[in-house]
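In UniProt numbering, the protein residues as written are 1 to 145.
Each remark here refers to the structure printed beneath this line.
Right under this line is the structure:
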């Protein structure tokens with residue numbers, strides 16, 4: 001890292017990725033949507049899904065979260081390459097939960113990200129979700145009542 005601005009940018013981008021997971025886990029859909037640029041995009045090629053705009057992302061995440069009895073997501077740091085007021089990077093994900101239909105889901109995945117510096121700090125311009133491992137074996141545990 002060549003200068004303090006690069007270090008600050010990397011810390012802000014890592015905080016952005018952490019905010020995303022926290023907003024998902026806390027079901028704070030407004031906060032989650034605010035982490036994207038106004039024309040931000042979320043793509044999940046494995047299920048041929050794409051959502052554009054903060055409003056679309058908010059509605060899509062709320063709809064998907066409504067399908068879960070419980071859901072746990074963890075973000076693990078990945079690479080970040082700074083390019084002035086833009087950056088690209090990856091975040092490694094592990095997720096598991098049980099859907100309301102009783103099926104279980106465990107996956108390990110990668111978010112391929114594009115970031116944009118804005119007057120309000122770094123935001124996601126795009127997140128592309130690539131599942132690398134999927135297990136639908138019934139989960140043995142349960143969420144506390």
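By construction, the Cβ of each residue, glycine as well, lies at the ideal position given by its N, Cα and C atoms.
Remember, it's a predicted structure, so these values are computed and weren't measured experimentally.
Item	Value
Just confirm the distance between the C-beta atoms of residue 74 and residue 94, as a whole number of angstroms; I'd bet it's less than 8 Å.	5 Å
According to DSSP, is residue 25 helix, strand or coil?	helix
Once you ignore the five residues that flank residue 80 on each side, which residues in its own chain have a CB closer than 7 Å to its CB?	10, 13, 87 and 89
Pull up the DSSP beta-bridge partners for residue 80, would you.	89
Would a C-beta distance cut-off of 8 Å place residue 65 and residue 99 closer than the cut-off?	no
What residue range is occupied by the uninterrupted alpha helix (DSSP H) comprising residue 49?	Segment 49-52 is the beta strand (DSSP E) holding residue 49; no alpha helix (DSSP H) there.
Measure the C-alpha to C-alpha separation of residue 59 and residue 133 and round it to an integer number of angstroms.	26 Å
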